[in-house]
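Q: These protein sequence lines are chains A and B, in that order.
Numbered according to numbering that gives the first Met the number 0, the first sequence spans residues 0 to 163.
Numbered according to numbering that gives the first Met the number 0, the second sequence spans residues 0 to 389.
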Amino acid sequence: MSDMAENNRAVLKLRESFAADILDVREFRGEVTITVKKENIVEICNFLKTSLAFNMLTDLTAVDYLGQDPRFLVVYQLYSIPNKDRIRVKAQVSEAACRIDTVSGVWSSADWLEREVFDLFGIIFNNHPDLRRILMTDEWVGHPLRKDYPLQGPDREPYKGRLS
Amino acid sequence: MAQKETMTVNMGPQHPSTHGVLRLVIELDGEIIEKITPHIGYLHRGVEKLSEHRTYHQTLPLTDRLDYLAPMSNNLGYVLAVEKLLDIEIPERAQVVRVITTELTRLKSHLVWLACHALDIGAMTVFIYAFREREKIMELYEKLSGARMTSNYYRVGGLSSDVYDGFEKDVQEIVDTFPGFFDTYEGLLTKNTIWLQRTVGNGVISAEDAIDAGITGPALRGSGVDWDLRRDNPYSGYEKYSFKVPVGEKCDTFDRYKVRLVEMREAVNIISQALKSLKPGSVLADQPQVCYPEKESVYNSIEGLIHHFKIATEGFPVPEGEVYQSVEAPKGELGYYIVSDGGNKPYRMRVRPPSFVNLSAIEKMAKGAMIADLVAVIGTLDIVLGEIDR
Numbered sequence: 000m001s002d003m004a005e006n007n008r009a010v011l012k013l014r015e016s017f018a019a020d021i022l023d024v025r026e027f028r029g030e031v032t033i034t035v036k037k038e039n040i041v042e043i044c045n046f047l048k049t050s051l052a053f054n055m056l057t058d059l060t061a062v063d064y065l066g067q068d069p070r071f072l073v074v075y076q077l078y079s080i081p082n083k084d085r086i087r088v089k090a091q092v093s094e095a096a097c098r099i100d101t102v103s104g105v106w107s108s109a110d111w112l113e114r115e116v117f118d119l120f121g122i123i124f125n126n127h128p129d130l131r132r133i134l135m136t137d138e139w140v141g142h143p144l145r146k147d148y149p150l151q152g153p154d155r156e157p158y159k160g161r162l163s
Numbered sequence: 000m001a002q003k004e005t006m007t008v009n010m011g012p013q014h015p016s017t018h019g020v021l022r023l024v025i026e027l028d029g030e031i032i033e034k035i036t037p038h039i040g041y042l043h044r045g046v047e048k049l050s051e052h053r054t055y056h057q058t059l060p061l062t063d064r065l066d067y068l069a070p071m072s073n074n075l076g077y078v079l080a081v082e083k084l085l086d087i088e089i090p091e092r093a094q095v096v097r098v099i100t101t102e103l104t105r106l107k108s109h110l111v112w113l114a115c116h117a118l119d120i121g122a123m124t125v126f127i128y129a130f131r132e133r134e135k136i137m138e139l140y141e142k143l144s145g146a147r148m149t150s151n152y153y154r155v156g157g158l159s160s161d162v163y164d165g166f167e168k169d170v171q172e173i174v175d176t177f178p179g180f181f182d183t184y185e186g187l188l189t190k191n192t193i194w195l196q197r198t199v200g201n202g203v204i205s206a207e208d209a210i211d212a213g214i215t216g217p218a219l220r221g222s223g224v225d226w227d228l229r230r231d232n233p234y235s236g237y238e239k240y241s242f243k244v245p246v247g248e249k250c251d252t253f254d255r256y257k258v259r260l261v262e263m264r265e266a267v268n269i270i271s272q273a274l275k276s277l278k279p280g281s282v283l284a285d286q287p288q289v290c291y292p293e294k295e296s297v298y299n300s301i302e303g304l305i306h307h308f309k310i311a312t313e314g315f316p317v318p319e320g321e322v323y324q325s326v327e328a329p330k331g332e333l334g335y336y337i338v339s340d341g342g343n344k345p346y347r348m349r350v351r352p353p354s355f356v357n358l359s360a361i362e363k364m365a366k367g368a369m370i371a372d373l374v375a376v377i378g379t380l381d382i383v384l385g386e387i388d389r
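Structure, rendered in structure tokens:
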């Protein structure tokens, strides 16, 4: 945990209001990442948007850390157009309770991005207005971006390289 | 009282003005659009999954195939993200060539946008002209990288090779001739009554709504938001060039058209400034653990051959960490979020495609419009399905 990350304005403000939710603050290559508990994610996002002017949700995705607990991290890349500033928020989601509240009420861009995370990782977003698969077909089984999903697809011989 | 009935119309995935394999299920009240449900994913190739199984060098050609109308912008975002993870500096000459070629890519992409957008609305002449000019950039691409579309020209640490002899002359010719072509397009369209009737007041989205929907790039600037990553969060030395960021007022298709045309003129302006600052020098960073050795040494020394073989087969390790790097691609903010576990392959690579997020606002922009205006909205969003579906 570096000083630069701790002195970041957004981190200081967040600590005032959501001290119990913040698990970790990190700075790497000039980018600040805040890891939080998932329970108050909507309130945290609302606070970042309204009080700290992070008015754009640039990206929302997830990372699968298979074998660790919690298994998933849902990653929110926020951008503030007035301050030209970025911040990354990560929320922990365990495999046993593979769900998190939707932030599509905070930024409408979350709608499709959350659908994609649901489709490819199988994380359910509570209260999402239209949680359907988006890239894969509706009847698809499994979630391709999970680490335990084989690259070549289900029920197929793994590719062993060219034999000739 | 008559009962109100809506009709459901299917548009695409094989439809010339959906710019690829986009399918829209439209609910119509007469000719008025009540609801649009986009269906995407027909071109899903699993680029993000594939990249987890390839070394950093091997992932690079996949990025060409995302937004295939602007391959070098995709390459740039990716190599910048990996360079940020590695924390390496690249030589000045490589940076300048990258700026020149990505701005040429912007021209190339905007020319396709203009051509197809005009063709969709019924101005066929512009299509023929714009594709003629695009061909000049494609020829330059081919001389530079060997490929007309999937260029794969950049490398982590610099460029795959220095520019060919006569590159400066070819670029100078584009700088000299293109503004005249832009005048031609404007002459054909800007005061054309049919063009104005189809674009003014079409697809209006306010600045607040556009930001809320995550719209980026020319589509956001058309709504009056003065924001450009090249100026506000510069990368690749963009802070050294002076250029205007055009902004619209009326938030409609016509304003977005004007914004993109000014952007093309500004791209030529940036290219001309960059060309003047192009100095001889190396185009690859002095990072032997990351960059391929010179071909001269590969062919003539055993050390060079081993070096090349090691990098080609094993790749290079990247420090543990995560970065998000975005560039101002022709269609908007193109971001790469790469998580490294310290190995030679990305643990997770996420591409933030501008078209995907821009398209999600289509219902907001086209609701209440006539069905014939929907093609204008698709055209003005400037989507490319290779990037949406990945």
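Note that CB positions come from ideal geometry on N, CA and C, so glycine has one too.
Using a 10 Å radius around the Cβ and a threshold of 16 neighbouring Cβ atoms, would you call residue 201 of chain B buried or exposed?
A: Here residue 201 of chain B refers to the residue found at position 202 when the second sequence is read from its first residue. Looking at its Cβ environment, which holds 16 or more other Cβ atoms inside 10 Å, residue 201 of chain B is buried.
Q: Could you tell me how far apart the beta carbons of residue 75 of chain B and residue 235 of chain B are, in whole angstroms, since I believe they sit closer than 8 Å?
A: Residue numbering aside, residue 75 of chain B sits at position 76 when the second sequence is read from its first letter. Residue numbering aside, residue 235 of chain B sits at position 236 when the second sequence is read from its first letter. About 7 Å separates the two Cβ atoms, so the contact holds.
Q: For the stretch 104–117 of chain A and the stretch 351–363 of chain B, state whether three or more C-beta atom pairs, one from each stretch, are separated by less than 8 Å.
A: yes
Q: Once DSSP output is grouped into helix, strand and coil, what is the label at residue 164 of chain B?
A: Mapped onto the second sequence, residue 164 of chain B falls at position 165. The answer is coil: DSSP assigns residue 164 of chain B none of H, G, I, E or B.
Q: Counting only runs of 4+ residues fully inside the stretch 185–211 of chain B, write out the alpha helix (DSSP H) ranges in chain order.
A: 192–198, 206–211
Q: Tell me whether residue 262 of chain B is buried or exposed, calling it buried when 16 or more other Cβ atoms sit within 10 Å of its Cβ.
A: Translated into the one-based positions of the second sequence, residue 262 of chain B becomes position 263. Buried.
Q: Short check: CB of residue 267 of chain B to CB of residue 329 of chain B, under 8 Å?
A: Taking the first residue of the second sequence as 1, we reach residue 267 of chain B at position 268. Taking the first residue of the second sequence as 1, we reach residue 329 of chain B at position 330. Going by C-beta atoms, residue 267 of chain B is not nearer than 8 Å to residue 329 of chain B.
Q: Examine chain A for any beta-carbon lying closer than 8 Å to the beta-carbon of residue 477 of chain B, and answer yes or no.
A: This structure does not reach residue 477 of chain B, given that chain B is present from 0 up to 389, and the question cannot be answered.
Q: When DSSP labels each residue in this structure, what does residue 72 of chain B get in the three-state scheme?
A: Here the question's residue 72 of chain B lines up with position 73 in the second sequence. Residue state, collapsed to three classes: helix.
Q: Among the candidates B:123, B:244, B:51, whose CA atom is the shortest distance from the CA of residue 230 of chain B?
A: By one-based count along the second sequence, residue 230 of chain B stands at place 231. That would be B:244, whose Cα lies nearest to the Cα of residue 230 of chain B.
Q: Can you list the alpha helix (DSSP H) stretches of 4 or more residues lying completely in the stretch 3–68 of chain B, in chain order?
A: 46–50, 55–63
Q: Excluding the 5 residues preceding and the 5 following residue 378 of chain B in the sequence, name in chain order all residues of the same chain whose CB lies nearer than 6 Å to its CB.
A: Residue mapping note: residue 378 of chain B aligns to position 379 of the second sequence, counting from 1. Short of 6 Å from the beta carbon of residue 378 of chain B, and not among the five residues preceding or following it, lie these beta carbons of its own chain, in chain order: 116, 119.
Q: Roughly how far, in whole angstroms, is the beta-carbon of residue 67 of chain B from the beta-carbon of residue 155 of chain B, given that I think they are within contact range, below 8 Å?
A: The sequence position of residue 67 of chain B within the second sequence is 68, counting from 1. The sequence position of residue 155 of chain B within the second sequence is 156, counting from 1. That pair is no contact at about 21 Å.
Q: Name the residues in the stretch 40–68 of chain A whose C-beta lies less than 7 Å from a C-beta of chain B; which are they?
A: 54, 55, 56, 57, 58, 60, 62
Q: Report the neighbours of residue 15 of chain A on chain B: residues whose CB is nearer than 9 Å to its CB, in chain order.
A: By one-based count along the first sequence, residue 15 of chain A stands at place 16. Within chain B, no residue comes near residue 15 of chain A; the closest Cβ sits about 26 Å away, beyond 9 Å.
Q: Taking one C-beta from the stretch 275–295 of chain B and one from the stretch 3–19 of chain B each time, how about it: are there three or more such pairs within less than 8 Å?
A: no
Q: Pick helix, strand or coil for residue 284 of chain B, following the three-state DSSP scheme.
A: The count along the second sequence starts at 1 and reaches residue 284 of chain B at position 285. Three-state result, residue 284 of chain B: coil.
Q: Can you give me the Cβ contacts of residue 0 of chain A inside the same chain, cut-off strictly under 7 Å, excluding the 5 residues immediately before and after it?
A: Residue 0 of chain A sits at position 1 when you count from the first residue of the first sequence. Unreliable placement is indicated for residue 0 of chain A, whose pLDDT of 48 sits below 50; no coordinate value is reported for it.
Q: With 7 Å as the limit, tell me which residues of the stretch 94–113 of chain A have their beta carbon closer than that to any beta carbon of chain B; keep them in chain order.
A: Listed by position along the chain: 106, 107, 108, 110, 111.
Q: So, using beta-carbon positions, are residue 336 of chain B and residue 60 of chain A closer together than 8 Å?
A: The residue given as residue 336 of chain B occupies position 337 in the second sequence. The residue given as residue 60 of chain A occupies position 61 in the first sequence. Yes, they are a contact pair.
Q: Does the distance from the C-beta atom of residue 193 of chain B to that of residue 121 of chain B stay below 8 Å?
A: The sequence position of residue 193 of chain B within the second sequence is 194, counting from 1. The sequence position of residue 121 of chain B within the second sequence is 122, counting from 1. Annotated as proximal: residue 193 of chain B and residue 121 of chain B, with beta-carbon spacing under 8 Å.
Q: Going by DSSP, name the residue or residues bridged to residue 206 of chain A.
A: In the structure as shown, chain A starts at 0 and stops at 163, and residue 206 of chain A therefore has no counterpart that could be examined.
Q: If I'm right that residue 139 of chain B touches residue 85 of chain B with Cβ under 8 Å, what's the distance once you round it to whole angstroms?
A: Counting from 1 along the second sequence, the entry for residue 139 of chain B is found at position 140. Counting from 1 along the second sequence, the entry for residue 85 of chain B is found at position 86. Their Cβ separation, rounded to whole angstroms, is 30 Å, which puts residue 139 of chain B and residue 85 of chain B out of contact at 8 Å.
Q: On the DSSP bridge list, what partners appear for residue 165 of chain A?
A: Because chain A spans 0 through 163 in this model, residue 165 of chain A falls outside it and cannot be assessed.
Q: Helix, strand or coil for residue 53 of chain A per DSSP?
A: Walking along the first sequence from the start, residue 53 of chain A turns up at place 54. If DSSP states are grouped into helix, strand and coil, residue 53 of chain A belongs with coil.
Q: Which one of B:300, B:273, B:308 has the shortest CA to CA distance from residue 291 of chain B?
A: Here residue 291 of chain B corresponds to residue number 292 of the second sequence, with the count starting at 1. Nearest of B:300, B:273, B:308 to residue 291 of chain B, Cα basis: B:308.
Q: Give the secondary structure of residue 369 of chain B by DSSP, where H, G and I count as helix, E and B as strand, and everything else as coil.
A: Sequence index remark: in the second sequence, residue 369 of chain B carries index 370 (1-based). Reduced to three states, the DSSP call for residue 369 of chain B is strand.
Q: Buried or exposed: where does residue 76 of chain A fall if 16 or more other Cβ atoms within 10 Å of its Cβ makes it buried?
A: Position 77 of the first sequence holds residue 76 of chain A. That one is buried.
Q: Round the Cβ separation of residue 176 of chain A and residue 16 of chain A to the nearest angstrom and send it over; I've been treating them as touching at under 8 Å.
A: Beyond the ends of chain A as shown, which are 0 and 163, falls residue 176 of chain A; an answer cannot be given.
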